[in-house]
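A.B. asks: Going letter by letter, the sequence shown gives residues 43 to 169 in the working numbering.
For every residue, glycine included, the Cβ atom is placed at its ideal position computed from N, Cα and C.
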Amino acid sequence: MAEGSSAVDAAIEREIRLLDPEVRSSPRLVGDLLHAEFTEFGASGRVWDREGIIALLAAEAEAEPDARPVTITFTAMKGEQLAPDLVHLTFDTDANGRRAHRSSLWRHTSEGWLLYFHQATLFVPGE
43 MAEGSSAVDA AIEREIRLLD PEVRSSPRLV GDLLHAEFTE FGASGRVWDR
93 EGIIALLAAE AEAEPDARPV TITFTAMKGE QLAPDLVHLT FDTDANGRRA
143 HRSSLWRHTS EGWLLYFHQA TLFVPGE
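1. If distances are taken between C-alpha atoms only, which option among His-160, Thr-135, Ala-49, Arg-56 comes closest to Pro-167?
2. Out of Glu-57, Glu-102, Gly-87, Ser-48, which one is the CA nearest neighbour of Pro-69?
3. Under 7 Å Cβ to Cβ from Ser-152, same chain only, skipping five residues before and after it: list those, please.
4. Give a yes or no on contact between the region 48 to 59 and the region 113 to 129, applying the rule of three or more CB pairs nearer than 8 Å.
5. In or out: Ala-162 buried (at least 16 other Cβ within 10 Å) or exposed?
6. Using only the alpha-carbon positions, how far apart do Ala-137 and Phe-80 sit?
7. In chain order, what residues of the same chain have a beta carbon less than 7 Å from the beta carbon of Phe-83, not counting five sequence neighbours either side?
8. If you reduce the DSSP assignment to three classes, tell me which class Gly-87 lands in.
9. Rounded to whole angstroms, what's the CA-CA distance from Met-43 to His-130? Just pull it up for me.
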């Protein structure tokens, strides 16, 4: 099934929520969107699990509580439903000039669509 399905739309809506600074600063809200077996290959090259990425995002929010949160913008978000319970999304992000190609796998569970896998690769536009 291609882009535009209700599954793809649901995954996109949840992915966009994960880019929201208010959501990212809340361990509960982030946790509500991550699968129990979540894995991320970060842009830094580090491999994260569910607990690790929740702790990282919470620590970033606590480190500078009065600082303006980093705004993450996205472009070219698109998706494809690979199976009844699996959606693949791809998109690019810019966080204060730090650009990354991103790929996410969302799995449908009894709790709804949850992020199962994410990978980010840094890039320089035009290279």
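C.D. replies: Answer, in terms of the structure:
1. Thr-135
2. Glu-102
3. none
4. yes
5. buried
6. 22 Å
7. Val-89, Gln-161
8. coil
9. Low confidence applies here, because Met-43 scores a pLDDT of 44, under 50, leaving its location unreliable; read the following figure in that light. In a straight line, the C-alpha of Met-43 is about 11 Å away from that of His-130.
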